[in-house]
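Note sheet for the following structure.
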Amino acid sequence: MEWTKEQRYRSMDDVTEEEIQGLAKLVNQCPWRQTFHIQPPTGLLNDPNGFSYFNGEYHLFYQWFPLGPIHGLKHWYHTKSKDLVHWENVGVGIEPSNEFDSHGAYSGSGIEHDGKLYLMYTGNTRDEYWNRHPYQCLAVMSPDGSIEKMDAPVIVDIPSGYTDHFRDPKIWQHGDHFYAVIGAQKRNETGSVVLYRSSDLKDWQFAGEVKTGLGEDFGYMWECPDYFELDEQGVFLFSPQGLKAEGDHYHNIYQSGYVIGSPIDLENIELKHGAFHELDRGFDFYAPQSTGDHQGRRILVGWMGLPEIDYPTDKNGWAHCLTIPRELSVKDGKLVQQPVPELELLRGEKVETRQTVENENVSLDNFEGDVYELLAEFSDSTSVEFGLEIRVGEVEKTVIKYDAVAKKVVFERTESGESFAEEFGTVRKCMLDAEKISFRIFVDVSSVEVFVNNGEEVFTARIFPGKNSNGIRVFARGGQTKVKAIKWDII
Ligand code: FRU
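Just so we're aligned: 101 in our numbering is position 101 of the sequence shown, and the numbers increase by one with no gaps anywhere.
Written out as structure tokens, the structure is:
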């Protein structure tokens, strides 16, 4: 169904309770609703927003269009949690309601200041000719959870030299000042990021474009920038659009990744850094956002989805979810991503096995399911390839394996179930040279997140298998491999 502009930008004030309930009913009939991931009650979820630790709780908002699986009038939906694992749906956090965000409360971030949580976001507006006019707006959440929008935007004008693709402020504090990076497109249609400075979060000065070593030819727009310091390094995350596929890299419609180097030079507005790395080597990952917490950790959540792609849940009136939270650390000039330890709170019944596998596919006794955590460690291998098949049914399987000849981790969703996005390929690979290979996998009804070798690489994917595709198998070809596997039900 084609959605008209009127349908996409309809105010929620005109939507009846009956209509919402009808939508929710359709959504709840979907066989692919998730169990432990943040997902929208109805409609479409995209970027994580305003991720922060405030007043004893984690707050995580997301981009939300309530009325269907399309990108329409975006709200911020508010969820919160004490442990990063059990999330409470709070309801709409920021509603697009005035001339500065009439066409969507777009992405942004949060920071605590003076006992309140300041939320800075992009107000998206369109004029009568459908030209875009973005404003950077502020909303303030009090400790009681009430959120109030400021009457006027805090950044109105786009600095000269940039187009109207100017959005997604990410704020941090350094010394007495606050800084914000904003994703921008230059007039020559290349992506960039600009820096603003403020002493009170309300009055912002344009500091300049951030100089990076990425050159002029690194995509046409950088969405959702993020900057933080970890282990005395400066890390700049962003989601560039327009990179061309290259070897095993950049096969999704858009990418997200980071550069890492010295902390940003705030005087010269310059980042000195190494190569760009993709954050996730799977199929469905975009627009991640990080926050620091009270334990000094840096935690990242991403959108488990991508724009401009139809997903099999669309017909049930909803789309997408967020990833599980990942704790970041730095190792050998790269980010390592580990599921936060709190996820162990979800562990239920456990099964375990050790075996040597040779030239065959072995179903693991008592290992099956569609919602679980699985840790598989492979060692002492003489095989040319070995790995796992999960969500196995009569004609379905999802494969995670190590190709010991090419030294690559391979993820295949070619036969995972209902297919989608096939034009972007159904196999993802990445180099990893190691003797021992471990896959720690979080499986929900319609997703898989694989942490390889303690988070050195991560593969995230939506999959849409049949309800009975619950088998788990191990295999080794062209030699022997030892495997130790533990599976926990997730409750
Ligand atoms: C990224 C993005 C952001 C924008 C938001 C709108 O997915 O396009 O740049 O703020 O989504 O929903």
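Where a beta carbon is used, it is the ideal one built from N, C-alpha and C, also for glycine.
The beta carbon of E88 sits no closer than 7 Å to any heavy atom of the ligand FRU. By the neighbour-count criterion, in which 16 or more other beta carbons inside 10 Å mark a residue as buried, I463 falls on the buried side. For the options I158, W32, T212 and S379, the alpha carbon positioned closest to that of Q205 is the one of I158. With the rule of 3 Cβ pairs closer than 8 Å, the region 36-48 counts as touching the region 8-28. Secondary structure note for G22: its alpha helix (DSSP H) is the uninterrupted segment E17 to N28. Contact annotation: W3 and G104 have beta-carbon atoms that are not nearer than 8 Å. Note on P134: 16 or more other CB atoms within 10 angstroms of its CB, so buried under the neighbour-count rule.
In summary, H37 is buried, with 16 or more beta-carbon neighbours lying within 10 Å of its beta-carbon over all protein chains present. Straight across, the Cα-Cα distance linking P96 with S329 is about 36 Å. Three or more pairs of CB atoms, one per stretch, sit closer than 8 Å, so the region 45-54 contacts the region 288-296. With a threshold of 7 Å, the Cβ atom of H71 counts as near the ligand FRU, since some heavy atom of the ligand is closer than that. Not one heavy atom of the ligand FRU lies closer than 7 Å to the C-beta of A139. Along the region 88-169, the beta strand (DSSP E) occurs as fully enclosed runs of 3 or more residues at 88-94, 105-113, 116-126, 132-141 and 147-149, listed in sequence order. Remark: the shortest separation between the CB of P48 and any heavy atom of the ligand FRU does not fall under 7 Å. In its chain, beyond the 5 residues on either side, N268, I269, E270 and L271 have a beta carbon closer than 8 Å to the beta carbon of K211. If you ignore the 5 residues before and after A404, its C-beta comes within less than 7 Å of the C-beta of S381, S383, V384 and E385, all in its own chain and listed in chain order.
In this structure, A287 has its CB closer than 7 Å to one or more heavy atoms of the ligand FRU. Within the chosen limit of 7 Å, the ligand FRU does not reach the beta carbon of Y135 with any heavy atom. Of all C-beta pairs linking the region 436-445 to the region 371-381, three or more are shorter than 8 Å, placing the two stretches in contact. Check the Cα spacing between Y258 and each of G393, K244 and E278: the tightest is with E278. The continuous beta strand (DSSP E) containing Q241 extends over residues Q233 to Q241.
Following the DSSP letters along the chain, one finds R298 inside the beta strand (DSSP E) bounded by residues R298 to W303. Note: V450 is bridge-paired with I441 and F459 in the DSSP secondary-structure output.
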